[in-house]
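Protein chains: 8
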Amino acid sequence: MTEAIELLEKFRAGRISRDKVVRAFQAAPLADLGFAQVDTHRALRKGFPEVIFGAGKTPVQVVKIAAKIYEHEQRLLVTRITPEHARALRKKFKVAVHHELPRCVTIERKPLRKRPGTIAVLCAGTSDLPVAEEAAVTADIMGNRVERIYDVGVAGLHRLLSRLELIQSANVVVVVAGMEGALPSVVAGLVSRPVIAVPTSVGYGANFGGITALLGMLTSCGSGVTVVNIDNGFGAGYAASQINALVAASSK
Amino acid sequence: MTEAIELLEKFRAGRISRDKVVRAFQAAPLADLGFAQVDTHRALRKGFPEVIFGAGKTPVQVVKIAAKIYEHEQRLLVTRITPEHARALRKKFKVAVHHELPRCVTIERKPLRKRPGTIAVLCAGTSDLPVAEEAAVTADIMGNRVERIYDVGVAGLHRLLSRLELIQSANVVVVVAGMEGALPSVVAGLVSRPVIAVPTSVGYGANFGGITALLGMLTSCGSGVTVVNIDNGFGAGYAASQINALVAASSK
Amino acid sequence: MTEAIELLEKFRAGRISRDKVVRAFQAAPLADLGFAQVDTHRALRKGFPEVIFGAGKTPVQVVKIAAKIYEHEQRLLVTRITPEHARALRKKFKVAVHHELPRCVTIERKPLRKRPGTIAVLCAGTSDLPVAEEAAVTADIMGNRVERIYDVGVAGLHRLLSRLELIQSANVVVVVAGMEGALPSVVAGLVSRPVIAVPTSVGYGANFGGITALLGMLTSCGSGVTVVNIDNGFGAGYAASQINALVAASSK
Amino acid sequence: MTEAIELLEKFRAGRISRDKVVRAFQAAPLADLGFAQVDTHRALRKGFPEVIFGAGKTPVQVVKIAAKIYEHEQRLLVTRITPEHARALRKKFKVAVHHELPRCVTIERKPLRKRPGTIAVLCAGTSDLPVAEEAAVTADIMGNRVERIYDVGVAGLHRLLSRLELIQSANVVVVVAGMEGALPSVVAGLVSRPVIAVPTSVGYGANFGGITALLGMLTSCGSGVTVVNIDNGFGAGYAASQINALVAASSK
Amino acid sequence: MTEAIELLEKFRAGRISRDKVVRAFQAAPLADLGFAQVDTHRALRKGFPEVIFGAGKTPVQVVKIAAKIYEHEQRLLVTRITPEHARALRKKFKVAVHHELPRCVTIERKPLRKRPGTIAVLCAGTSDLPVAEEAAVTADIMGNRVERIYDVGVAGLHRLLSRLELIQSANVVVVVAGMEGALPSVVAGLVSRPVIAVPTSVGYGANFGGITALLGMLTSCGSGVTVVNIDNGFGAGYAASQINALVAASSK
Amino acid sequence: MTEAIELLEKFRAGRISRDKVVRAFQAAPLADLGFAQVDTHRALRKGFPEVIFGAGKTPVQVVKIAAKIYEHEQRLLVTRITPEHARALRKKFKVAVHHELPRCVTIERKPLRKRPGTIAVLCAGTSDLPVAEEAAVTADIMGNRVERIYDVGVAGLHRLLSRLELIQSANVVVVVAGMEGALPSVVAGLVSRPVIAVPTSVGYGANFGGITALLGMLTSCGSGVTVVNIDNGFGAGYAASQINALVAASSK
Amino acid sequence: MTEAIELLEKFRAGRISRDKVVRAFQAAPLADLGFAQVDTHRALRKGFPEVIFGAGKTPVQVVKIAAKIYEHEQRLLVTRITPEHARALRKKFKVAVHHELPRCVTIERKPLRKRPGTIAVLCAGTSDLPVAEEAAVTADIMGNRVERIYDVGVAGLHRLLSRLELIQSANVVVVVAGMEGALPSVVAGLVSRPVIAVPTSVGYGANFGGITALLGMLTSCGSGVTVVNIDNGFGAGYAASQINALVAASSK
Amino acid sequence: MTEAIELLEKFRAGRISRDKVVRAFQAAPLADLGFAQVDTHRALRKGFPEVIFGAGKTPVQVVKIAAKIYEHEQRLLVTRITPEHARALRKKFKVAVHHELPRCVTIERKPLRKRPGTIAVLCAGTSDLPVAEEAAVTADIMGNRVERIYDVGVAGLHRLLSRLELIQSANVVVVVAGMEGALPSVVAGLVSRPVIAVPTSVGYGANFGGITALLGMLTSCGSGVTVVNIDNGFGAGYAASQINALVAASSK
């Protein structure tokens, strides 16, 4: 916003023409003019910087982008990486941590102090673990306490019911499931907190790479279930963190 | 088979030529020759005659076909009817019963004695009732005791769990559900008996007229779940009756 | 829970056998045993009772269910109704309000005191209004302040940008859009709060009754967008209210 | 159930408080409380233990899970394995048998005595063999006599008709077919026993990896056909065994 | 072709310039130049004139087009008509015949002498009759003997097998079926003549308005089956007539 | 832009504070600040005002919106209307013209002078006429000369080839076709000008309401074909006019 | 048929019982009883033996099946082979010919004398060649003269039109095309003979592996086009040969 | 055309018969007769020769075709190549340039003089670069100035808005985007020039390999957006060049 103010002062001082001011406001990035995007940006920056989507980028590209962001930031998340990406990042950043299962890397100057309130991450089967862990690692690096509750699929209800108290005590519940994706419906019937459902591509045949789980979650009979893209653990972790951060901010 | 035997006797008696026998065996309906189809037919006839699918037939056509079958049979099922079909059938057959919800008519000279063993018909929500009732009426007229357990969807698990004993005591469990179709997965985890899942077209948007429920049931994480077409309560009731009849036959 | 306690006291007093206690715990609805579902239930009841989905029910059925719920509750929401449903409900309940555009009825003994914090409901075009209003009415009756920001589609960005401050000040943003469903992506880039996207069936041809908008929202490049079913304004309003209630509860 | 009884006795003896009992019933796994799941479990255990789905697990993981289950069980089935899984399992378990075509491993302390009654497994073409064998091996290890009737597709009807007697004498008929999946319809017209249809991904082009066969089976004109997921030989064998076991139990 | 010859003669006679000839050849309809299209046209005209697709045209439009074609032609086929179309056509053309089931009208100055050789039209169920009749009427008016063999679906094989001789004696076999569309596969295994398969939209649920039957026929395991669009009885009758006409022409 | 200038002058004159200027730039609609949107707007306004999409709006709403736009504009286009819309518009605006086939209304104070250069609108069959006319009427009211070349489908190539010169002389070619949508491919091989393809929903069965034509056009082997939504004659006419206007502007 | 006759004679001679005759007719393969299948078989055998579909079979399996068929037959076709299959077949059969492009092998004791009449095989682009060659090789080995007319796609109409006479002189026309699959529509408008369309998987994006070409051909505006599965050159060649053989048989 | 003229002169001179002339006009390639295709061809040739689609061709084939075209042409474009294709082409043609990102090769005797007016190529993210570059390289070699404006996706609107002036000054705007494909809608609202949208296959899950972006662009709320196939950068560059060439031709 400083830039906008300077511009106006120069104009009042007669050092630049009116036309120049108008053109500047037109041409300059909105961010430089103090518009809302900037506030958003700043708010985000305080919370968490841009996340690097590793898929389709070379290790060199990923390291370069990471280095640029890390100049100004305290922490960094790189998702959908290959082992090559991980090696390159760990060579460059001594503090880089490679999370093998969810295929991501986190880099932190010093760990963020965790917010009060937990985010519960549930998954139906062991093959859903990579996606569940992507959600968990995302929520963790964004400053949240994460409670992992894995292998609680609906085919053996007692596994889920026996951990109900833990689930009900979370602020947000992320539910990861493949195949028919029934778990979020059952969970939504048992808790009053926001449930974010993540379909996975686990399954075969009529599962169609996760479409069946996705559609099942979208048509869930449980009220208040919202859904992210197939295998999008990151998106669910991010949305859960937005909610938990909002709660934490209000409780101050 | 009588026909085949007569033919052979006439041949042995020299009253018909060898060629005529061969041609008869070739040309005649297999049924008349005592082939397997006939056994099947007879077996079916003892159990239940041909079912009339009312959709796309005029009331006059349906009544004619019903009358022809009823000449030789003790009972009759007409499915997917309109009120016009029902009126026409009740005018012709005094004993005809119109089942409004499942849109079918049953006609029985005298009620069949029920087999031992029950078929449980579950449904998730009240809007699944017409399909559940089609399954129940089909199983009933085919000579089975039917236990209706309705409105036990997974969004309120206690409704299901509180009636578990009843469900577990059935020989076969028919589970009817629309929307995401999660109920069969949960039920299959709780019982050791055959579970037949029926997806319904209940829902909207990403439910796609029942496709989502269908796919969810096909990819169910519960072992041993088999599935029929969308809204095909009749098919599920029929398959359940086949299983229950087999059990009853073996127990004699 | 009283029931469970009574049971145990009778057992201690020797008036019932141990077996009876065990069987009661097995057979009784979980709710009666004080399990988690009950807590959920109670929590929900404090917030909002069961919502009646009108589609596929007769006016008589809807009125009966509504009357039963209203015995114990302070307020009621009936969604997806026809004018016939509305007439029947207004005849029975003098305080019933018919919301024509979103096709729902609300019934309240006395208005709920609104929580602090607002839920912003945006929509892209005027034809998305019925779905947007369903979200707004749902959020309103559940005790939230709702800010309606309509007709701000991406084809005329200035309409959206000029109301950015208002959007950014909300706790949760519900974004309703049909056709290509691009609005949530743009909004998610401008705010740091949870964004719940609602695809509508508005459009024709390759819109496929809302599938295109749905898929577009699921694959949004904006981080943290979660999605509900096509035309599911109720679900979005419900989820938004869950988040806002959580925030309000924490701020006390 | 012992646990529940002990708890109640301690309570009667005054050694624990009433609150503690209530809380225990709430928190403990349902299984420990003697609920239905336990019965199911026990029933299953008597019949067959948990089956390991090998796909997506490492050989080490599969061996560990197998070892744990095998501690308490007499037999074991591992499906969807690679040759690496097979090698690891055979190294650990001397009695492990690798079924190469259906890609599964069975481990048995001593063979189960077979039930009376047979399960017929039919397939349309030689390329459907792996799926048919998965059904056959599953039914076999679960204690059933299996009659394999292969390469009897509808394009050469005499192959099927010449083996009709054998098919008709089975208690359950599993029918495996790819391409247009017409075989179950023809078989269902010839037998009165339950027919379980298994679509395979055999084919190309408009077969869409088995979708065409799946849809064809779901819309079969043959009454009583139920269907499992594409290539799900295991599911069909499991469901067939459930039916056959039920029949056998009743005949005692 | 006369036009082209006249042009050249005028050019030779020096009455028009060379440029004019070249331009005429460029601009004139190919038909006028004696190109293949004209031969095709003439050949078709000898066999059958343009067919009027009634759907989406007003009765007035259909009558006008019919009148124009009938000026030069001996016979006429109008398909996909409503009763209004039929009434308007019968008012205008005394000899018009309204075929109610297949919704078409034929108009003939005098009946065409039938070719030797028959076209067999089979259908699986009675609800496939309208499509089968469209094929039959089309083949008939194009000058072919048609053998109708209806209600011979695969669920009761004996119906088909008992009429096999009749089917095998035809030059071309049109096979009409809905639901899973299995009939053409079975027929193709029993005859050596060209089989043209017509999927119908008969069925519900996973039949998807005929898509399942269409896909089943395209992936048929029977060699030599070719397929037309869903409900396209006309196309099948037309293609069958092309083949039969070719055979008849060769046999002279 | 006047508003922005006034603001700055007031600021220079000391009549408003610096903060107020900054906030005004942030809050005011971008249009008022002279940003690009305004230029676009102005450019569009010179060419053509906002088009009203009638579908889903009441006649009253449409008339109100039309009246508001018509205050500032010389001409108006309302698309996708019903006869009721047309009646209401013609009652309000004496000069309104109802185009029945393409279901739209145009209102013009005085006809726009046509640009040099023509837009050719082709269609394959007579049932594609409504969509073709929507394109033609749109291009016409936007100030273009339109050449209509109808009923030139690829099944009778000579119809197309005989009018080739006319097609080749146009600046832009809009090609409308249903069924398999092959016409744009053939046309693109014959002309060097931009070809805009419009799939229509004309057809049945495997046409899937225009999807087949749409996909065929997208995968056209003809270079340079671009495509709009199914039945979107308006979009094609609009895009064609944008190109033709650009050409006309350059030729001045 | 001899078998059936012998049986009857033995029965007349009193050497076997009546029951035995009946059972024999029931149990024996229909083929042995002189039913139609046998005639079909014989007719086919005179024309062409069973074709081996190589995909999914090992080289050893293919060689074994080939050797068994070749015992009784004069010629053999193996389709969808790998180079390994080809090598194994050529090692076993000295006269085996490997057709690399269409990935098939033919084996002939001595070449079949060709029928009169030709089958034209057209393809749109050079990448459609493998499928077109599969059709051509199939038609050739089945005893037909084949005219190959390649690279005549609709984007350059003159290529097609310049070879029209050749196309029109064929008895049957096989048209192979990928992408939008428009060629059969254009060809069907130019010839009066049966047109068999073969969609190929050539293309990318919205071609969906040949689905677009398939749908385009099914909805072709050209009358009388019939269609086979994606990439099914064999099926088209086979159907074309059936037609051509029928014509040749009639002309004798 | 010379050939046509010679023919006519020979005819006038009496050296050939009238019949021969007529037959020649019928049989000869249209191109040789001076029909429209030739004009198109010539027009294209002046602009740009046939483009070689490398996918599915061997390096040898591609080099041969390239060499043949290059005999008569000044420049050449080969798309969808592998590194092997590139190596072979660079070995043969010293001036060949390998564009690695968009996987194409250009060969030019001497660079074409650029037309006035620019084509703007925008893309949403860095992973869309290969497709955007294919559009840019195509437009460039066809003689256009190209303005590349990359990484301006809607999730960070300021990036797009800050470069608006540059975008608005282009004659044509090509907009490349994957995921939900929202960018063209936003751009179309900001510019008055033709917008050509290119969906890319960038994304995962519900992106379905670019289908979501494709559908989103087809249903764009921005007027005048036309769309090409998924990943078809070449088609967009080609169409954009056609428009720009038309503008340039008119401005002379």
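Protein chains in written order, with my numbering: chain G, 6 to 257; chain S, 6 to 257; chain L, 6 to 257; chain F, 6 to 257; chain A, 6 to 257; chain P, 6 to 257; chain Y, 6 to 257; chain U, 6 to 257.
Glycine included, every Cβ here is placed at the ideal spot set by N, Cα and C.
Being a predicted model, the structure only gives us computed values, none of them experimental.
According to the DSSP assignment, residue 169 of chain Y belongs to no beta strand (DSSP E) but to the alpha helix (DSSP H) extending over 169-173. Secondary structure note for residue 54 of chain Y: it is in no alpha helix (DSSP H), with a DSSP letter that is neither H nor E. Straight through space, the alpha carbons of residue 136 of chain P and residue 108 of chain P are spaced by roughly 9 Å. If you look at residue 88 of chain P, you'll find it in the alpha helix (DSSP H) that goes 88-97. For residue 16 of chain P, the CB contacts under 6 Å within the same chain, skipping 5 residues up- and downstream, are 26 in chain order.
Residues of the stretch 125-141 of chain F with a Cβ closer than 9 Å to any Cβ of chain G: none.
Against residue 221 of chain Y, chain U offers no close residue; the least beta-carbon distance is about 14 Å (beta-carbon pairs closer than 7 Å). Rounded to whole angstroms, the gap between the alpha carbons of residue 166 of chain P and residue 228 of chain Y is 20 Å.
For residue 164 of chain P, the closest C-alpha among the options P:130, P:174, P:62 is that of P:130. If you draw a straight line from the Cα of residue 73 of chain P to the Cα of residue 242 of chain G, it comes to about 47 Å. For a Cβ distance threshold of 7 Å, nothing in chain G lies close to residue 212 of chain F: the least Cβ distance comes to about 13 Å. For the pair of segments examined, the stretch 83-94 of chain G was found to touch the stretch 54-67 of chain G: the number of CB pairs separated by less than 8 Å reaches three. Between the alpha carbons of residue 174 of chain G and residue 153 of chain G lies a distance of about 13 Å. Within 8 Å of the CB of residue 235 of chain A, the CB atoms of chain P belong to 209, 210, 211, in sequence order along the chain.
In the displayed model, residue 124 of chain L falls within a strand according to three-state DSSP. Counting only runs that start and end inside the stretch 135-198 of chain L, the beta strand (DSSP E) elements of at least 3 residues fall at 150-154, 177-182.
Nearest neighbour of residue 69 of chain Y by Cα position, chosen from Y:206, Y:94, Y:215, Y:55, turns out to be Y:94.
The continuous beta strand (DSSP E) containing residue 83 of chain F extends over residues 80-84.
If you draw a straight line from the Cα of residue 158 of chain L to the Cα of residue 89 of chain S, it comes to about 49 Å.
For the 8 Å CB-CB criterion, residue 112 of chain F and residue 245 of chain F do not form a contact. For residue 244 of chain G, the closest Cβ of chain L is nearer than 8 Å. By the rule that beta-carbons nearer than 8 Å mark a contact, residue 16 of chain P touches chain G.
Between residue 138 of chain L and the set L:12, L:117, L:236, L:80, the nearest pair of CA atoms involves L:236.
Listed in chain order, the beta strand (DSSP E) elements of length 3 or more contained wholly in the stretch 212-255 of chain P are 230-232. Close CB contacts of residue 98 of chain G within its chain, under the 6 Å cut and outside five residues either way in sequence, are with 112 (chain order).
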